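Enquirer:
Residue numbers (this note's numbering): 70 to 1003.
Right, here's the structure in full:
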């Protein structure tokens, strides 16, 4: 009863502003369906809910009114016809249809006719009615279409419009900065010559020179409207700002009587509404050459514009600061990949140029040296000559050469330079976008009812640590389980490599035997790639589920926790196989006569004769390239296009059933058919994982920055096209920075120094070569290095059944294997030799020196480059001074006006009043000094 009375009260309040509209004009006639039926008021936001049964509108076919409909007779304020609706000052939610004049029918419990009753739909309808009544009380204007309300099923659209007083009130509440009439004079500092040289790379944005001019900005205030350059109330706040203002009203609007909830996010989570979104400015379908949407589509979201700069300011104005910062960060990252790619190409070609003069490679390829190596497997494998691995040795030199160390140091400093450059760029954008001093909005997260044991709590109630403890326990145990799953996948691939290598070695086909290592390595890496892609999708869903279990209070807290979990799981998933090859493969295999076995039958795998670095390079390149190609082409392009095709087929089937006289689809229909925006986390995550490929193991693959650059050039346009044409328009969200992603990048930059130090010292042959040349070489050159790294093994010491059964090399007494061990004729046979301990000490010393050197240079780079550009600091001071001068001038003019009024008053009054007027005028003398509080 209370609920019905409240609905009745809310309805009577809003009866004078209800609006039912007929067919809306075609999009071409009213700016693509971006306005109400009157063609003047903009559609700032759209609410959508799905109708699952017959509408509650009383139709001509209805013969009677059901007992559970509430008939409300108005006092004559209800609009009698569509014609009067158009003249109404405000719009309203349609709660009644073609009833008699002054009468509204609202279905409360059941449907008319023979349709079955659905209590859940009735409850949702009541909640929507209360919610929309509260939106009317907040000042918004609402409109629906009559034919949409008459539908028995399908989406129903509720359009919202914020009038000028509401926009002013909310802009002042949200402290939105708007430009004043005064120009700050802070234009672009680029020289004329540089601007002309740069012109071909600039996007063709209308009024671009005007956009470069920065106006003094100030937080909006209704008391200072005369300071702002208000040429039109309809265009003073752009569509992105209008959408943000309406969203702020939606997220704080409450439903008290029907349900204890607050905000549109909770409504969507409960299923009251299906979705809510602002409209795109211009539909690409109709190709009307106006609006920022089309400019973004033509100059930003095209692959043919890959060589142009991004129109970041336009992106920010259309999508908001948060998305603008993402694309600005991606642009800075891609630009700085250019010098890294150039240096990587130089390092690679240095390896190509010196491969013919590399002495260790020549010794491995020299058949006259006749190094007879021990068998690669037990029983069926024969002895083999080291010269057969000539190709592997030469390929390994392309990436394992002295220039690699320089490149590792360069990339470590590059990571620091990239972060410092981004900080400066971010501060510059904060100044030009008026983000300095803003407070980011804290939005509370929407949840459905959450159950703890046998009792049920709402998210609005305060949760204790006992309530959160089960969620934390499940989080920790689930993450540990996922780590175990990742390690199990890596171990499964290891078992695959070992077993397939043994099976191929038993093959009678000599060609199959000769290609064992190449075949096994390639297929194992492809299996790793497929497993990584599958687990990536699983881990993303698991991270979201685990974050919801923690019940974070705000969306910022929710997003940060989700990012940390997803990054931790995906980082481990992407890099676990690479870590294994870099630091574990071949280090626990044992030696001839004392190998380590898996399942008592299969020997642990060893590195290739040329070292593990070439295998690390193959692993890194295939996973990196495969991940980028498959995720970009299949996950980001193929799957959305497939979903769009399925939707188009469904829409085509339903469209054939509709009458031909129905109006064409409006902009809200087109936008509703697009995919919803689900945040920037997937976009950032993809780039962060790529940043790890570029920085962590770059010593093993100098071409990684080049492939990352090529990928990002496409990625920018792919993401732009997705935002412009494939996704619904997101709410413009303010953000001062990229948030927790910067901390992750900084941590990965520091971690990359340690990883590269260990890759150079333990995975490559750089340290053993250095130790041999300066400690053990007789001539001070690299001659004899291969013989120095190979130990001797007496074949008579093979365990029974492990020696080659039928050797083609005749009687072999001694074979060689790669290790630093004492020969069989030594008193300490097969023990680690003196050379082993010298190389190990040199490796550890290199790690310490490399790490401290690079860290010191990184600190120097960070110290030399200030976070805030000097010009920005000067401009901030000048802008503050100009702003104070503007308000001082305003107060002075007010003071002079008041003084002149009092002086006129004194000329008309007797002398006795003159003194009193003078005192009053003196009381205003403090006003100019109050501006100092600014």
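Just so it is clear, CB atoms sit at the ideal spot from N, CA and C, and this is done for glycine as well. These numbers come from a predicted model, not from an experiment.
Taking residue 481 as the reference, give the member of 820, 858, 866, 936 with the closest Cα.
Expert: It is 820.
Enquirer: Tell me the DSSP bridge mates of residue 116?
Expert: The partner list for residue 116 (beta bridge, DSSP) reads 227, 345.
Enquirer: Return the chain-ordered list of same chain residues with a C-beta closer than 6 Å to the C-beta of residue 570, the five sequence neighbours on each side being excluded.
Expert: Hits under 6 Å: 585, 589.
Enquirer: Enumerate in chain order the residues of its own chain whose CB-to-CB distance from residue 695 is below 7 Å, with the five nearest sequence positions on each side excluded.
Expert: 598, listed in sequence order.
Enquirer: Exposed or buried, what is residue 575 when buried is set at 16 or more other beta-carbons lying within 10 Å of its beta-carbon?
Expert: Under this definition residue 575 is an exposed residue.
Enquirer: Quick one: any contact between the region 475-490 and the region 897-906, if contact means 3 or more CB pairs under 8 Å?
Expert: With the cut-off at 8 Å, the region 475-490 and the region 897-906 do not touch.
Enquirer: Residue 365 and residue 383: beta carbons closer than 9 Å?
Expert: In contact: residue 365 and residue 383 (Cβ atoms closer than 9 Å).
Enquirer: What's the call for residue 878, buried or exposed, on a 16-neighbour Cβ count within 10 Å?
Expert: Exposed, by the Cβ-count rule.
Enquirer: Here's a check: name, in chain order, each residue in its chain whose Cβ is nearer than 6 Å to the Cβ of residue 892, leaving out the five neighbours to either side.
Expert: Answer for residue 892: 861, listed in chain order.
Enquirer: Would you check if the distance between the CB atom of residue 485 and the CB atom of residue 927 is smaller than 9 Å?
Expert: Yes, the Cβ-Cβ distance between residue 485 and residue 927 is below 9 Å.
Enquirer: Is the region 865-872 close to the region 419-426, with three or more CB pairs under 8 Å?
Expert: No, the region 865-872 is not in contact with the region 419-426.
Enquirer: With DSSP as the reference, identify every bridge partner of residue 442, one or two as the case may be.
Expert: Beta-bridge pairing links residue 442 to 453, 885.
Enquirer: Helix or strand or just coil, what does DSSP make of residue 400?
Expert: Here residue 400 sits in helix by DSSP.
Enquirer: Restricting to Cα atoms, I'd like to know which of 602, 577, 952, 390 is closest to residue 802.
Expert: Nearest C-alpha to residue 802: 390.
Enquirer: Hey, is the region 339-347 in contact with the region 367-387, meaning 3+ C-beta pairs nearer than 8 Å?
Expert: Because the criterion of three Cβ pairs below 8 Å is not met, the region 339-347 and the region 367-387 do not touch.
Enquirer: Rank 976, 539, 400, 629 by C-alpha distance to the C-alpha of residue 750 and give the top, closest one.
Expert: For residue 750, the nearest C-alpha among the options comes from 629.
Enquirer: Based on the DSSP secondary-structure assignment, which residues constitute the bridge partners of residue 663?
Expert: Its beta-bridge partners are 660.
Enquirer: In this structure, does DSSP put residue 802 in helix, strand or coil?
Expert: Three-state result, residue 802: coil.
Enquirer: Check whether chain C comes within 9 Å of residue 429, counting only Cβ atoms and requiring the distance to be less than that.
Expert: Although the question refers to chain C, the structure presented lacks it and comprises just one protein chain.
Enquirer: With a cut-off of 8 Å on the beta carbons, I'd call residue 631 and residue 610 a contact; round off their distance for me.
Expert: Between residue 610 and residue 631 the Cβ distance is about 11 Å, and since that is not below 8 Å, they are no contact.
Enquirer: Check for me: the beta strand (DSSP E) holding residue 861 runs from which residue to which?
Expert: Counting along the chain, the beta strand (DSSP E) containing residue 861 begins and ends at 859-863.
Enquirer: Using only the alpha-carbon positions, how far apart do residue 430 and residue 841 sit?
Expert: Approximately 15 Å, taken between the alpha carbons.
Enquirer: Could you give the residue range of the beta strand (DSSP E) that holds residue 1006?
Expert: No statement about residue 1006 is possible, as the shown extent of the chain runs from 70 to 1003 and does not include it.
Enquirer: What is the rounded straight-line gap between the Cα of residue 234 and the Cα of residue 209?
Expert: Rounded to whole angstroms, residue 234 to residue 209 spans 10 Å at the Cα level.
Enquirer: Could you tell me which uninterrupted alpha helix (DSSP H) segments, each at least 4 residues in length, are contained entirely in the region 727-769, listed from first to last along the chain?
Expert: With a minimum length of 4 residues, the continuous alpha helix (DSSP H) runs that stay inside the region 727-769 are 736-741, 750-764.
Enquirer: Under the rule that 16 or more other beta-carbon atoms within 10 Å means buried, what is residue 614, buried or exposed?
Expert: That one is exposed.
Enquirer: At which residues does the alpha helix (DSSP H) containing residue 490 begin and terminate?
Expert: Unbroken alpha helix (DSSP H) run through residue 490: 471-501.
Enquirer: Whether or not the region 391-411 and the region 776-793 are in contact is what I'm after, with contact meaning three or more pairs of Cβ atoms, one per stretch, closer than 8 Å; do they touch?
Expert: The answer is yes - the region 391-411 touches the region 776-793, with three or more Cβ pairs under 8 Å.
Enquirer: Measuring CA to CA, which of 104, 338, 814 is closest to residue 212?
Expert: Ranking the options by Cα distance to residue 212, first place goes to 104.
Enquirer: Measuring alpha carbon to alpha carbon, tell me which of 230, 312, 326 ends up nearest residue 195.
Expert: For the residues 230, 312, 326, the minimum Cα distance to residue 195 belongs to 326.
Enquirer: Can you tell me which of 442, 378, 334, 309 puts its alpha carbon nearest to the alpha carbon of residue 884?
Expert: Selected option, being the one with the closest Cα: 442.
Enquirer: Contact between the region 409-416 and the region 432-452 is defined here as three or more beta-carbon pairs at a separation below 8 Å; is this criterion met?
Expert: Because the criterion of three Cβ pairs below 8 Å is not met, the region 409-416 and the region 432-452 do not touch.
Enquirer: Would you call the CB atoms of residue 601 and residue 643 closer than 9 Å?
Expert: In contact: residue 601 and residue 643 (Cβ atoms closer than 9 Å).
Enquirer: Using the C-alpha atoms, what's the distance from residue 108 back to residue 504?
Expert: Distance between the alpha carbons of residue 504 and residue 108 is about 34 Å.
Enquirer: Is residue 833 closer than 9 Å to residue 469 when the C-beta atoms are compared?
Expert: For residue 469 and residue 833, yes; Cβs fall inside 9 Å.
Enquirer: Are the region 918-926 and the region 813-830 in contact at 8 Å, needing three or more beta carbon pairs?
Expert: Verdict: yes, contact present.
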